[in-house]
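Sequential numbering from 1 applies to the sequence shown in full-length UniProt numbering. Backbone N, C-alpha and C define an ideal beta-carbon position, used for all residues, glycine too.
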Amino acid sequence: MFVRDLTLRDYRSWPSAEFTLAPETTIFVGRNGFGKTNLLESLFYVATLRSHRVSSDAPLVRSGADVAKVSATVENDGRELTVDLAIAASGSNKAAINTRPVRRTREVLGILRTVLFAPEDLALVRGDPSERRRFVDELVAQIRPMAAGAKADYDRVLRQRSALLKTAGAAMRRGETDSVISTLDVWDSQLAEFGAQVTASRIAIVRHLAPLVTAAYGSIAPHSRPATIAYRSAAGADVDASPGGDDAVDEIRDILAARLVELRDKEIERGVSLVGPHRDDLELVLGDEPAKGFASHGESWSFALALRLASVDLLRADGVDPVIMLDDVFAELDVRRREKLAEFTEGSEQLLVTAAVADDIPTRVSGRRISIGVSDDGPRSSLVVGDEKISPPLEQEGEAHE
Ligand SMILES: Nc1ncnc2c1ncn2[C@@H]1O[C@H](COP(=O)(O)OP(=O)(O)OP(=O)(O)O)[C@@H](O)[C@H]1O
Ligand SMILES: [Mg+2]
Numbered sequence: 001m002f003v004r005d006l007t008l009r010d011y012r013s014w015p016s017a018e019f020t021l022a023p024e025t026t027i028f029v030g031r032n033g034f035g036k037t038n039l040l041e042s043l044f045y046v047a048t049l050r051s052h053r054v055s056s057d058a059p060l061v062r063s064g065a066d067v068a069k070v071s072a073t074v075e076n077d078g079r080e081l082t083v084d085l086a087i088a089a090s091g092s093n094k095a096a097i098n099t100r101p102v103r104r105t106r107e108v109l110g111i112l113r114t115v116l117f118a119p120e121d122l123a124l125v126r127g128d129p130s131e132r133r134r135f136v137d138e139l140v141a142q143i144r145p146m147a148a149g150a151k152a153d154y155d156r157v158l159r160q161r162s163a164l165l166k167t168a169g170a171a172m173r174r175g176e177t178d179s180v181i182s183t184l185d186v187w188d189s190q191l192a193e194f195g196a197q198v199t200a201s202r203i204a205i206v207r208h209l210a211p212l213v214t215a216a217y218g219s220i221a222p223h224s225r226p227a228t229i230a231y232r233s234a235a236g237a238d239v240d241a242s243p244g245g246d247d248a249v250d251e252i253r254d255i256l257a258a259r260l261v262e263l264r265d266k267e268i269e270r271g272v273s274l275v276g277p278h279r280d281d282l283e284l285v286l287g288d289e290p291a292k293g294f295a296s297h298g299e300s301w302s303f304a305l306a307l308r309l310a311s312v313d314l315l316r317a318d319g320v321d322p323v324i325m326l327d328d329v330f331a332e333l334d335v336r337r338r339e340k341l342a343e344f345t346e347g348s349e350q351l352l353v354t355a356a357v358a359d360d361i362p363t364r365v366s367g368r369r370i371s372i373g374v375s376d377d378g379p380r381s382s383l384v385v386g387d388e389k390i391s392p393p394l395e396q397e398g399e400a401h402e
């Protein structure tokens, strides 16, 4: 698949922009802070309905504006769909598919599939479990878009249940025990239901992803120890052992419900929700050790790359060649890993690359080069200042050289 048109209005540093792209490699070059990542972020948002950098929408709207607009026309196997998004600085967002408004923005999930490699990816290995949960959820949103509804329902139930737990202890001391317990019972059953759906989708994805990660890591770092990943539920090993997917929902729901009963006193005492997919993690292991805390800097980068490469493989296995976006990652990698990444991404249908320094990009990655600048008058605004085709180096043109 590829993005044919991208139009932005008041998206971060871009007051307006229109790009016509092709199934080829496009490199966006510009100095630090000129708005390159903003472009990739806008496409990532179309694919996942969230930014890879911030958890709220307000920063995406250009300062002084109320709404940011992103439109993308995606071509997949000759079929074309246009997604229009209106991202509000406050209040709810709107979406349309082929100019027809949709009831819920999440209906656009699945239209654009993309894997974004970014400097922040190191946090997948070194950061908190929330980083890894987000990684899995972004894949779930793209591969099983229907499951995104369960995640939204889960988040809502979790918020309300957590609010109740915060005040439950005090309410019970005031003698309101019966009403607290009966309300909690209702939230518990919903938490277990939606929690099971979220968990089952995640586990299914992780099961498919795991062998791909091991293989990708082995090819990037052949001399390192084998890399493995596994889903770790806060509800215990019984959940981890589940095959995941729709058939596993009932079983996981029962396990979560039983854990909630066991943990009730503790949850009331501590005032927080202690079990459910919001407490789970994706365990990353190198050899016999957890990658976090043990892996070297280079190994951590290899692992992060392996997670992204495996994501591409997973989406391809699902029948779609995703748009690959490389956000200034070559600068972060040593020569070997740069070459590996260049080699891997070579055959992709559409590759979008950003770089502050064009020399950081391996010469085999060539194509169209769009230069980004900023206007000097008034508030900083990104704009296109150059657009040229760069031919591949001679060595790659075939036999002529041999
Ligand atoms: N909501 C916003 N309104 C206006 N400008 C914004 C907004 N959010 C970010 N910016 C501007 O966007 C710029 C950063 O854009 P971006 O992250 O795309 O840069 P970049 O070209 O990727 O830089 P680097 O090479 O350092 O990664 C900053 O100058 C910032 O001031
Ligand atoms: Mg950037």
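Residue i and residue j closer than 8 Å at C-beta
i: VAL115; j: ILE324; result: yes
i: ARG12; j: VAL320; result: no
i: residue 404; j: THR20; result: The structure shown does not extend to residue 404, since the chain is modelled only from 1 to 402, so the question has no answer here.
i: ASP121; j: ARG336; result: no
i: ASN93; j: THR105; result: yes
i: PHE2; j: GLU349; result: yes
i: THR228; j: ALA210; result: yes
i: THR7; j: SER63; result: no
i: GLY244; j: ILE203; result: yes
i: ALA342; j: VAL29; result: no
i: GLY271; j: LEU165; result: yes
i: VAL239; j: ILE252; result: yes
i: VAL180; j: ALA171; result: yes
i: ILE268; j: GLY169; result: yes
As assigned by DSSP and simplified to three states, the class of residue i
i: GLU289; result: strand
i: ASN32; result: coil
i: ASN38; result: helix
i: LEU6; result: strand
i: ILE361; result: coil
i: ARG12; result: coil
i: VAL384; result: strand
i: THR20; result: strand
i: GLN396; result: Residue placement at GLN396 is flagged as unreliable, the pLDDT there being 48, under the threshold of 50; a coordinate-derived value is accordingly withheld.
i: SER296; result: coil
i: ASP321; result: coil
i: ARG207; result: helix
i: ASP280; result: coil
i: SER71; result: strand
i: PRO145; result: coil
i: GLY127; result: coil
i: TYR217; result: helix
i: THR177; result: helix
i: VAL83; result: strand
Own chain, CB closer than 6 Å to residue i, minus 5 neighbours either side, in chain order
i: LEU315; result: ARG113, PRO322
i: THR37; result: ASP327
i: ALA89; result: ALA58, VAL61, ASP66
Interface flag, residue i vs chain D, CB-CB below 8 Å
i: ARG259; result: Protein chains in the displayed structure number just one, and chain D is not present.
Neighbourhood of residue i by C-beta, 8 Å cutoff - its chain only, sequence neighbours within 5 removed
i: VAL102; result: ALA95, ALA96, VAL108
Sequence-distant residues of the same chain with beta carbon closer than 7 Å to residue i, five excluded per side
i: GLU339; result: PRO362
What does the shell around ligand 2 hold, if a residue joins when its beta-carbon is under 7 Å from any heavy atom? That query returns the following residues: LYS36, THR37, ASP327, ASP328, THR354.
Assess contact between the segment 184-199 and the segment 271-283, defined as three or more Cβ pairs (one per stretch) separated by less than 8 Å. Is contact present? Enough Cβ pairs lie closer than 8 Å, so yes.
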